[in-house]
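Using the UniProt record's numbering, you'd call the opening residue of the sequence shown number 1 and step up by one each time.
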Amino acid sequence: MSFKGLSLLTWVFVVHLAAIYLYTRGFLLTRLSLSDTSSCPDGSCTLPPTHSRAVVLIIDALRFDFLSPDPPQPPSPHHHNVLRLPQELTAADPSRSLLFDAFADPPTTTLQRIKGLTTGSLPTFVDMGSNFGGASILEDSLIAQLRAADKKVAFMGDDTWTAVFPDAFAPGLCFPYDSFNVEDLHTVDAGVERHMLPLLADRSAPWDVLIGHFLGVDHVGHRVGPDHPTMHAKLAQMDAVLRRVVELLDEDTLLVVLGDHGMDRRGDHGGDGVLETSSALWVYSKGFPLTDPSALIPAEFLPRQTFPGAPAAHRVVQQIDLVPSLALLLGLPIPFNNLGTVIPELFWRDGTDFARAAAINAKQVKRYLDTYRASPSGGELDAVWAELESKWAAVANAGEMDALSAMKSYTREALAACRMLWAQFNVLLIVLGLVLLVVGTLAGFALFAKFGVLEDNWEDWAGKTRWWCVRGMAVGTILGFGASFPLQRLVKGVDALDCVLFGAPLVSCLIVIIMSRPKPSGFSLASLPLPLILHTLAFASNSFTVWEDRIITFLLLSCLVPFVRVGFTAPTGRLRNRILGFSAMFAVCVRLMAGSTVCREEQQPYCHVTFFASSTLPSPPLPVLLLLLPAAVALPWCMRRFLQISKSDKGIAGIVLPVIFPAVLAQGSAYWILEWLDSAEVLGPGFADILRLARTMLARSAMGTIVVLGLVLCWFIPLCLEISTNVDTSKPEGKREVTVVGFANAFGAPYLVFWCASFGLVYVVTQPTGQLVLCLAALAVLAYLEVVDSVHDVRALSAALASTQPSAVLTLGGVPRQAPSFAELTPLALLALHTFYRTGHQSVIASIQWKTAFVLTPTLTYPLSPLLVILNTFGPQFLLALSVPLVALWNVAPLPQPAASARVSGAAVRAGLGVMLYHATLLLGSAASSAWLRRHLMVWKVFAPRFMNAAATILAVDLAVLFGVGVGVARVAARVTKLFKGVPGSK
Numbered sequence: 001m002s003f004k005g006l007s008l009l010t011w012v013f014v015v016h017l018a019a020i021y022l023y024t025r026g027f028l029l030t031r032l033s034l035s036d037t038s039s040c041p042d043g044s045c046t047l048p049p050t051h052s053r054a055v056v057l058i059i060d061a062l063r064f065d066f067l068s069p070d071p072p073q074p075p076s077p078h079h080h081n082v083l084r085l086p087q088e089l090t091a092a093d094p095s096r097s098l099l100f101d102a103f104a105d106p107p108t109t110t111l112q113r114i115k116g117l118t119t120g121s122l123p124t125f126v127d128m129g130s131n132f133g134g135a136s137i138l139e140d141s142l143i144a145q146l147r148a149a150d151k152k153v154a155f156m157g158d159d160t161w162t163a164v165f166p167d168a169f170a171p172g173l174c175f176p177y178d179s180f181n182v183e184d185l186h187t188v189d190a191g192v193e194r195h196m197l198p199l200l201a202d203r204s205a206p207w208d209v210l211i212g213h214f215l216g217v218d219h220v221g222h223r224v225g226p227d228h229p230t231m232h233a234k235l236a237q238m239d240a241v242l243r244r245v246v247e248l249l250d251e252d253t254l255l256v257v258l259g260d261h262g263m264d265r266r267g268d269h270g271g272d273g274v275l276e277t278s279s280a281l282w283v284y285s286k287g288f289p290l291t292d293p294s295a296l297i298p299a300e301f302l303p304r305q306t307f308p309g310a311p312a313a314h315r316v317v318q319q320i321d322l323v324p325s326l327a328l329l330l331g332l333p334i335p336f337n338n339l340g341t342v343i344p345e346l347f348w349r350d351g352t353d354f355a356r357a358a359a360i361n362a363k364q365v366k367r368y369l370d371t372y373r374a375s376p377s378g379g380e381l382d383a384v385w386a387e388l389e390s391k392w393a394a395v396a397n398a399g400e401m402d403a404l405s406a407m408k409s410y411t412r413e414a415l416a417a418c419r420m421l422w423a424q425f426n427v428l429l430i431v432l433g434l435v436l437l438v439v440g441t442l443a444g445f446a447l448f449a450k451f452g453v454l455e456d457n458w459e460d461w462a463g464k465t466r467w468w469c470v471r472g473m474a475v476g477t478i479l480g481f482g483a484s485f486p487l488q489r490l491v492k493g494v495d496a497l498d499c500v501l502f503g504a505p506l507v508s509c510l511i512v513i514i515m516s517r518p519k520p521s522g523f524s525l526a527s528l529p530l531p532l533i534l535h536t537l538a539f540a541s542n543s544f545t546v547w548e549d550r551i552i553t554f555l556l557l558s559c560l561v562p563f564v565r566v567g568f569t570a571p572t573g574r575l576r577n578r579i580l581g582f583s584a585m586f587a588v589c590v591r592l593m594a595g596s597t598v599c600r601e602e603q604q605p606y607c608h609v610t611f612f613a614s615s616t617l618p619s620p621p622l623p624v625l626l627l628l629l630p631a632a633v634a635l636p637w638c639m640r641r642f643l644q645i646s647k648s649d650k651g652i653a654g655i656v657l658p659v660i661f662p663a664v665l666a667q668g669s670a671y672w673i674l675e676w677l678d679s680a681e682v683l684g685p686g687f688a689d690i691l692r693l694a695r696t697m698l699a700r701s702a703m704g705t706i707v708v709l710g711l712v713l714c715w716f717i718p719l720c721l722e723i724s725t726n727v728d729t730s731k732p733e734g735k736r737e738v739t740v741v742g743f744a745n746a747f748g749a750p751y752l753v754f755w756c757a758s759f760g761l762v763y764v765v766t767q768p769t770g771q772l773v774l775c776l777a778a779l780a781v782l783a784y785l786e787v788v789d790s791v792h793d794v795r796a797l798s799a800a801l802a803s804t805q806p807s808a809v810l811t812l813g814g815v816p817r818q819a820p821s822f823a824e825l826t827p828l829a830l831l832a833l834h835t836f837y838r839t840g841h842q843s844v845i846a847s848i849q850w851k852t853a854f855v856l857t858p859t860l861t862y863p864l865s866p867l868l869v870i871l872n873t874f875g876p877q878f879l880l881a882l883s884v885p886l887v888a889l890w891n892v893a894p895l896p897q898p899a900a901s902a903r904v905s906g907a908a909v910r911a912g913l914g915v916m917l918y919h920a921t922l923l924l925g926s927a928a929s930s931a932w933l934r935r936h937l938m939v940w941k942v943f944a945p946r947f948m949n950a951a952a953t954i955l956a957v958d959l960a961v962l963f964g965v966g967v968g969v970a971r972v973a974a975r976v977t978k979l980f981k982g983v984p985g986s987k
């Protein structure tokens with residue numbers, strides 16, 4: 001394998017990286033955090049505390065319909081899954097008990113909600129990326145205000161709190177527990193109970209605020225879903241805990257119970273769905289009344305909304321409203337960055353308390369906005385500043401009766417403005433990224449076209465182009481660095497690195513386009529990649545983007561039409577049957593894969609979940625469990641049957657496919673069967689530890705077998721050939737006859753075995769229904785390879801029949817295999833995305849399958865756990881992209897040498913480049929649509945997540961192509977050349 005072709009593919013990858021970096025720098029900006037703190041030694045920004053102590057209990061993922069009075073009001077759509085508050089507290093004395101539906105700002109991940117609940121600020125879209133490892137909160141917060149007031153904070157529960165507030169909790173009163181082990185439903189909750197209840201019982205315990213963060217409800221949701229009986233048991237446990245806490249409360253302690261976010265119907269969270277953003281909030285005071293039940297609070301201060309499935313509207317607040325309210329109830333200043341508004345019911349006793357609380361709140365928000373306006377990012381407020389100033393003027397000029405309404409209007413306008421503010425964009429960087437994507441894609445298509453006409457001379461041209469690319473990068477770096485100095489003075493947010501990352505790839509792309517410019521005579525309307533064009537244009541519509549999984553199925557099946565047409569006109573019955581038969585097999589596999597669905601919120605109610613047992617029960621369907629082990633055995637058998645067509649099931653294929661590969665797949669399937677037995681407690685809770693150990697060992701054994709044994713065999717015995725030597729004793733000279741079995745597929749068969757190693761790794765971390773989908777995808781790839789090979793045979797036979805010397809044309813090497821066309825690569829590119837969607841994923845955060853982080857370890861382990869989640873999410877795209885070189889290698893004879901290996905290597909480079917171009921074009925379409933529609937209502941719900949998926953996909957595809965061409969193809973081609981170089985007909 002020539003290093004020259006791999007160098008060009010690497011250059012394309014670098015261009016993609018630079019374009020993605022520039023675009024995301026402009027599109028996904030983070031919020032500026034101000035380090036100012038609130039302080040008022042004269043007491044002008046505080047109220048007298050109503051309580052000397054507070055207990056804040058966070059029941060992670062406690063949705064509003066999970067928390068309800070007894071009887072539930074409004075009725076819960078899931079009556080058996082309700083944590084019932086004591087009726088004697090919620091109904092008998094409403095002045096001391098308030099229940100709210102609290103809106104949690106997306107992204108609804110725990111770390112971001114903890115930041116919101118303590119600072120009163122808003123997260124940004126990309127803040128979710130830090131959920132695997134939080135950094136310290138440097139902004140002003142309730143915790144910081146408590147420390148400034150010499151208050152002692154006790155904590156027990158989710159260790160995320162100790163990550164973001166590492167030195168905030170009182171020594172000896174801090175008890176953190178691992179937060180990411182979603183399979184552990186009880187350890188954290190039991191630990192919180194064990195340490196919290198004695199502190200509450202001991203009146204002399206040295207704490208002022210106690211924070212307990214329970215995780216069981218969240219973990220049950222992730223593992224078995226909100227409608228599983230385990231959820232009922234967990235909520236019953238929380239019910240008992242709350243009742244015990246209420247018993248132990250003294251009359252001077254405020255109790256706040258809330259969920260940091262909700263959960264969707266499947267038990268997950270992270271996005272902005274109604275069920276994810278609706279969290280529970282219950283405030284209770286045993287002594288001092290929270291509100292005056294006879295007070296007539298104006299309706300404008302009491303907004304209501306109807307929870308999904310509820311017959312009546314209920315009182316709703318913003319979750320961050322708890323921050324200013326709790327601060328003032330405890331006699332603390334409101335944190336500086338807060339954008340919440342005090343909750344009227346907590347202060348409306350004689351009217352004066354709420355008026356003062358609202359004034360303190362409004363002045364704090366005004367002070368924050370003025371400071372932000374004076375910061376380097378203050379220009380972001382330009383578009384809304386006049387309106388904000390007008391609202392503040394209304395506060396200053398309002399009479400006594402209208403002041404409350406004006407202050408509430410100002411704080412809510414500020415919140416709305418800042419929600420839009422942190423969706424601001426650096427348009428210049430977006431444009432630079434888009435320009436680089438456009439030019440890079442054009443350069444890639446120019447390279448692709450050039451590889452199609454060079455044939456045997458591609459290496460010399462690739463070597464020359466490679467060096468021109470390097471020179472172009474050098475020139476572009478110099479130009480970009482030089483242009484950065486005046487540009488930085490003219491435009492904010494652009495630095496020297498941005499200019500270099502734009503200039504270097506741009507110049508090199510222009511050089512490639514000039515050197516590889518295709519001839520206009522080669523263009524025709526028939527050569528347009530119509531599926532790619534339609535697929536790309538679909539991103540301009542939010543509905544088409546939402547339903548992309550269905551669109552891909554249609555495009556994928558439509559791509560078969562040209563091959564079927566060739567099949568009907570094939571000159572022989574054998575070729576006709578092969579093309580039509582394998583096309584039917586490919587179509588059947590695609591349709592069966594389409595039967596596996598997960599539904600995003602926007603697809604409801606027109607989508608039915610089949611990937612899991614139900615939309616609320618994230619366990620595998622029973623038929624899937626029954627099919628897992630048979631599929632693990634059947635797939636290797638089917639692969640051998642395909643190889644037997646060319647008699648290339650020998651050599652390493654005879655070791656891997658009948659022995660190693662089935663064992664790996666069976667272990668991967670057995671892991672998920674044991675996981676189901678464990679999570680469903682089929683054998684009872686007493687077997688949990690045994691099942692956890694057994695499935696961990698199975699997963700490690702499967703992956704270890706692939707990494708060690710599989711790759712070692714691929715390296716030392718890379719070919720699938722059986723060579724035998726016979727001596728013809730009938731002749732005096734004893735002439736030797738060498739028989740090579742598997743000759744016809746000398747390149748393709750060993751690469752398929754190489755591909756199986758990666759398949760096994762992805763298979764183990766894929767959930768049960770997804771494993772069946774992967775098996776169908778593998779069969780679809782093999783069927784498609786046979787279709788393409790048969791179509792090439794039809795073309796060769798047609799060329800022979802049209803020749804004046806058919807026998808000469810049909811001799812070995814007479815009709816060399818043409819390099820793969822873009823139309824031949826399109827189905828595999830589409831199949832990659834089809835497999836992504838059918839293995840339980842969508843272009844939304846909530847579809848991330850977090851439980852795969854614990855396949856190899858029972859607890860969160862860095863960096864292994866995040867890598868497993870990435871492998872589960874983008875493994876299908878990697879795997880299908882890794883199979884693309886097979887289009888160039890399948891059933892290609894290895895003679896003459898070294899010309900045959902050189903031609904195959906060039907074709908593999910072209911095939912890899914083609915699939916990179918398909919996904920790069922989708923990235924361009926998604927990026928362009930997101931930029932153009934950046935003010936669209938659905939930008940953060942639909943367009944931005946699809947762009948991020950496209951960016952991650954192109955990285956996975958590029959890496960797969962580089963790995964496949966640079967390692968797999970290179971190794972196979974080198975060994976084939978070494979073996980056949982001395983065969984007559986080779987040079």
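Ideal placement from N, C-alpha and C gives every residue a C-beta, glycine not left out.
- Ala702 is positioned such that its CB atom lies closer than 7 Å to that of Val764.
- As the crow flies, the alpha-carbon of Gly684 is around 31 Å from that of Thr873.
- Taking a C-beta distance under 7 Å as the contact criterion, Tyr410 and Trp392 qualify as a contact pair.
- Between the region 898-914 and the region 791-798, the count of C-beta pairs closer than 8 Å stays below three; the two stretches do not touch.
- In this model, Leu254 and Val55 are separated by some 6 Å (Cα to Cα).
- It is roughly 5 Å from the alpha-carbon of Trp282 to the alpha-carbon of Leu99.
- Taken in chain order, the whole beta strand (DSSP E) runs of length 3 or more contained in the region 305-363 are 313-318.
- Judged by DSSP secondary structure, Val82 falls outside any alpha helix (DSSP H); it is assigned neither H nor E.
- A direct Cα-to-Cα measurement between Phe502 and Ala540 gives close to 26 Å.
- Taking C-alpha positions only, Leu556 is separated from Pro531 by approximately 8 Å.
- In the three-state reduction of the DSSP assignment, Phe451 falls in the helix class.
- Per DSSP, Leu173 has no beta bridge partner at all.
- According to the DSSP assignment, Ala483 belongs to the alpha helix (DSSP H) that extends over 458-490.
- Boundaries of the beta strand (DSSP E) harbouring Ser97: 97-103, taken from the DSSP string.
- Rounded to whole angstroms, Ala800 and Leu864 show a C-alpha spacing of 55 Å.
- DSSP, read as helix, strand or coil, puts Phe214 in strand.
- With a cutoff of 7 Å on beta-carbon distance, Leu785 and Leu886 are scored as near each other.
- The alpha-carbon of His834 is positioned some 42 Å away from that of Val491.
- Per DSSP, the continuous alpha helix (DSSP H) segment holding Trp637 begins and ends at 622-644.
- In the structure shown, Val884 falls within a coil segment according to DSSP collapsed to helix, strand and coil.
- Secondary structure note for Met515: its alpha helix (DSSP H) is the uninterrupted segment 496-516.
- With contact defined as three or more Cβ pairs closer than 8 Å, the region 461-480 and the region 507-514 are in contact.
- Just measuring C-alpha positions, the residue of His222, Thr162, Phe64, Ala170 sitting nearest Arg147 is Ala170.
- Looking at the DSSP output, Asn872 shares a beta bridge with no other residue.
- DSSP, read as helix, strand or coil, puts Trp850 in helix.
- Between Gly340 and Val15, the CB-CB gap reaches or exceeds 7 Å.
- Going by DSSP, Phe539 is part of no beta strand (DSSP E) at all; its letter is neither H nor E.
- Below 8 Å, too few C-beta pairs join the region 32-43 and the region 226-245 to call them touching: fewer than three.
- For Trp715, the uninterrupted alpha helix (DSSP H) run begins and ends at 711-716, by DSSP.
- Unbroken alpha helix (DSSP H) stretches of 4 residues or longer found wholly inside the region 751-781: none.
- For the pair Val781 and Phe3, the Cα-to-Cα distance works out to about 27 Å.
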